[in-house]
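>
There are 2 protein chains.
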Amino acid sequence: MTTTPSGGPPFYDVVTTQRACRTFLPDPIPDDVIERILTAATHAPSAENSQPWRFVVVRDEAKRQAIADLATKVWTGGARQHSAPKLAENILHDVDQSMTGGAMAAAPVIVIVCGDPANTFPSAMESSIWPCVQNLLLAAGAEGLGASLTTMATLIPDKLRALLELPDDITPYAAVPLGRPARALGRPRRRPLTEVVHHDQWDHGDKSP
Amino acid sequence: MTTTPSGGPPFYDVVTTQRACRTFLPDPIPDDVIERILTAATHAPSAENSQPWRFVVVRDEAKRQAIADLATKVWTGGARQHSAPKLAENILHDVDQSMTGGAMAAAPVIVIVCGDPANTFPSAMESSIWPCVQNLLLAAGAEGLGASLTTMATLIPDKLRALLELPDDITPYAAVPLGRPARALGRPRRRPLTEVVHHDQWDHGDKSP
């Protein structure tokens, strides 16, 4: 019987310290922690409350390694070349370690978040799945765990389907490694609101007549 | 100068009480509250930290009414017929009120969340925008405000672009009304974890040989 979690650290502290964690300690995660995190994930909104999310909680070491290998394949097969010029050097180094250095497989748990199209319509799938993934990531932070939103392994969905015996109609969207962070993460860097917020209509700035 | 918000109510209390609010009191929302909510939104993760979200904070009454009218047009033009059989009667009644009864325009603020494709790649847009929208919705709850994730008005993006003078390459994804809830919302209803969680591989249950 799942109980709905309550309490936890202050909301804004969790939200404003969220960072992608890519290096993990091997300490196992207790079942009740995983349960609270997944319960938070299922409290995301979804179109028509269809709750199309499905989770595969992967603890098995060989399967975690196989998932990490899929991510490596996508990363070294083209994604790195695409992303490298746009990433800060330290981030690129971390992603390299994560994708090819075994860091992702070192996380004691990888959660594969999937979408089941049975009760929803295709155009509403992503607006339901990603809020669920975000709740999962935030809840991991609330529990003092590191996590990151990765999609590499899902970009060759048929291999992931075969590995996890997913039905043909189930689409994997994210592979979220979870574990104790191997090192402290700094604060996230963000553009100031003034660069992204407009009032009542788009401010075209210098481009206005 | 934006300060990063801290504190707030306990994380799990915010997450597990999130509900779609569709009826609002007209009380204005202070600027600092909007600023905290939007700062939370911008702390979502995004592919390559591209931060592709852009916001139009609509307080202008005529514009809010025009946005609500776009939603009405989509709802009565086909969406209601599609959704009605799948919605609980009380929810359908609320959505009807929201979409055609002026309830959406009654919210003192509607935030239009848009995506700017300049610094990201198309396949990563939704995995960045929806976590941002989810942070926005959660932060609204942390502030004691009601909010809901609506997309109806964005389904005729050219009319919304014209109304808000959005550049052609900016895509609106969500229209989030914000305001004091006109009535208390009950707890969300969710399937138990046992129906959506699998361990190490998909459990095919009765379908297994």
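Chains as they are written, first to last, in our numbering: chain E, 1 to 209; chain Y, 1001 to 1209. We put the CB at the ideal spot given by N, CA and C, even for glycine.
Take Pro1209(Y) and list the residues in its own chain whose beta-carbon comes closer than 8 Å to its own, dropping the five residues that flank it on each side.
Here residue 1209(Y) is taken as the residue at index 209 of the second sequence, counted from 1. No answer about Pro1209(Y) holds up, because its pLDDT of 42 lies below 50 and its placement is not dependable.
> Could you pull the start and end residues of the alpha helix (DSSP H) that Val1196(Y) belongs to?
Walking along the second sequence from the start, residue 1196(Y) turns up at place 196. No alpha helix (DSSP H) contains Val1196(Y), which DSSP labels as neither H nor E.
> How far does the alpha helix (DSSP H) with Trp1130(Y) in it reach, from first residue to last?
Here residue 1130(Y) refers to the residue found at position 130 of the second sequence. Per DSSP, Trp1130(Y) belongs to the alpha helix (DSSP H) from Pro1122 to Ala1142.
> Given Glu1143(Y), which residues of its chain have a CB within under 6 Å of its CB, disregarding the five upstream and five downstream residues?
Here residue 1143(Y) is taken as the residue at index 143 of the second sequence, counted from 1. Closer than 6 Å at the Cβ level, and outside the excluded window around Glu1143(Y), lie Val1033.
> Could you check where the beta strand (DSSP E) with Thr3(E) kicks off and where it finishes?
Within the first sequence, the letter at position 3 stands for residue 3(E). Unbroken run through Thr3(E): none, as it is neither H nor E.
> Residues of chain E with a CB under 7 Å from the CB of Pro1005(Y): which are they?
As a working mapping, residue 1005(Y) is identified with position 5 in the second sequence. Chain E residues near Pro1005(Y): Tyr12 and Thr16.
> Quick test of the definition: if touching needs 3 or more C-beta pairs under 8 Å, does the stretch 34-46 of chain E touch the stretch 1047-1056 of chain Y?
Not touching, per the Cβ criterion.
> Check distances from the C-beta atoms of the stretch 70-98 of chain E to those of chain Y and list, in chain order, the residues that come in under 7 Å.
Here the close residues are Ser83, Lys86 and Leu87.
> Assign Ala147(E) to one of three DSSP states: helix, strand, or coil.
Taking the first residue of the first sequence as 1, we reach residue 147(E) at position 147. Strand, per DSSP.
> For the alpha helix (DSSP H) that Leu1092(Y) lies in, which residues bound it at each end?
Looking up residue 1092(Y) in the second sequence gives position 92. It spans Glu1089 to Thr1100 - the alpha helix (DSSP H) in which Leu1092(Y) sits, taken as one unbroken run.
> Looking at the secondary structure, which residues open and close the beta strand (DSSP E) in which Phe55(E) lies?
Locating residue 55(E) in the first sequence gives position 55, counting from the first residue. Segment Trp53 to Val58, the beta strand (DSSP E) holding Phe55(E).
> Hey, how far is the Cα of Leu145(E) from the Cα of Ile67(E)?
Residue mapping note: residue 145(E) aligns to position 145 of the first sequence, counting from 1. Residue mapping note: residue 67(E) aligns to position 67 of the first sequence, counting from 1. So the alpha carbons of these two residues sit roughly 20 Å apart.
> Going by DSSP, name the residue or residues bridged to Pro1085(Y).
Walking along the second sequence from the start, residue 1085(Y) turns up at place 85. None; Pro1085(Y) has no bridge partner.
> Assuming Met1196(Y) contacts Val1111(Y) (C-beta within less than 8 Å), just tell me the rounded distance between them.
Stepping through the second sequence from its first residue, residue 1196(Y) is reached at position 196. Stepping through the second sequence from its first residue, residue 1111(Y) is reached at position 111. Note on residue identity: the sequence assigns Val, not Met, to residue 1196(Y). Val1196(Y) to Val1111(Y), Cβ: 30 Å. No contact.
> Give a yes or no on whether the minimum CB-CB distance between Val1109(Y) and chain E is below 8 Å.
Numbered from its first residue, the second sequence carries residue 1109(Y) at position 109. Cβ-Cβ to chain E under 8 Å: no for Val1109(Y).
> Quick one: what does DSSP say Arg1201(Y) is sitting in, helix, strand or coil?
Translated into positions along the second sequence, residue 1201(Y) becomes position 201. According to the sequence shown, residue 1201(Y) is Gln rather than Arg. In the structure shown, Gln1201(Y) sits in a strand (DSSP, three-state: E or B).
> Quick one: residues in its chain with C-beta nearer than 6 Å to the C-beta of Arg59(E), no 5 flanking neighbours on either side, listed in chain order?
Start at 1 with the first residue of the first sequence, and residue 59(E) comes out as number 59. For Arg59(E), where only same-chain residues beyond five positions count, the Cβ hits under 6 Å are Val109.
> Can you tell me which of Trp202(E), Asp200(E), Gly205(E) and Leu185(E) puts its alpha carbon nearest to the alpha carbon of Asn90(E)?
Looking up residue 90(E) in the first sequence gives position 90. It is Leu185(E) whose Cα lies nearest to the Cα of Asn90(E).
> Can you name the residues of chain Y whose CB is closer than 7 Å to the CB of Leu166(E)?
Locating residue 166(E) in the first sequence gives position 166, where the first residue counts as 1. Per Cβ cutoff of 7 Å: Trp1202.
> Quick one: is the Cβ of Gln1018(Y) within less than 7 Å of any heavy atom of the ligand COA?
Annotation note on the ligand COA: not contained in the displayed structure, which lists no ligands.
> Does DSSP classify Leu1178(Y) as helix, strand or coil?
As a working note, residue 1178(Y) is residue 178 in the second sequence. If DSSP states are grouped into helix, strand and coil, Leu1178(Y) belongs with the strands.
> In chain order, what residues of the same chain have a beta carbon less than 6 Å from the beta carbon of Arg64(E), not counting five sequence neighbours either side?
Position 64 of the first sequence holds residue 64(E). So the list reads Val58, Ala105 and Ile110, once near-sequence residues are dropped.
> In three-state DSSP terms, what is Thr210(E)?
An answer regarding residue 210(E) cannot be provided, because it is not within the stretch 1 to 209 covered by chain E.
> Leaving out five residues on either side along the sequence, give the residues of the same chain with a beta carbon under 8 Å from the beta carbon of Asp169(E).
Reading the first sequence from its first residue, position 169 is the one you call residue 169(E). Closer than 8 Å at the Cβ level, and outside the excluded window around Asp169(E), lie Asp116, Pro117 and Ala118.
> Can you list, in chain order, the residues of its chain with a C-beta nearer than 6 Å to that of Arg1080(Y)? Leave out the 5 residues immediately preceding and following it.
For the purposes of this step, residue 1080(Y) is taken as the residue at position 80 of the second sequence. So no residue of the chain qualifies.
> Determine the chain E residues that contact Phe1055(Y) at a beta-carbon separation under 8 Å, and present them in chain order.
In the second sequence, residue 1055(Y) corresponds to position 55, counting from 1. The contacting residues are Val196, Val197 and His198.
> Go to Ile156(E), then tell me how far its alpha helix (DSSP H) extends in each direction, as first and last residue.
As a first step, residue 156(E) must be located in the first sequence, where it is residue number 156. Taken as a continuous stretch (DSSP letters only), Ile156(E) belongs to no alpha helix (DSSP H), as it is neither H nor E.
> Is it right to say Pro131(E) is buried, meaning 16 or more other beta carbons lie within 10 angstroms of its own, or is it exposed?
As a first step, residue 131(E) is located in the first sequence; it is residue number 131 there, counting from the start. When all chains shown are included, Pro131(E) counts as buried.
> Can you confirm whether the stretch 7-23 of chain E touches the stretch 1001-1019 of chain Y when touching is taken to mean that 3 or more C-beta pairs between the two stretches lie within less than 8 Å?
With a cut-off of 8 Å, the stretch 7-23 of chain E and the stretch 1001-1019 of chain Y count as touching, because enough Cβ pairs lie within range.
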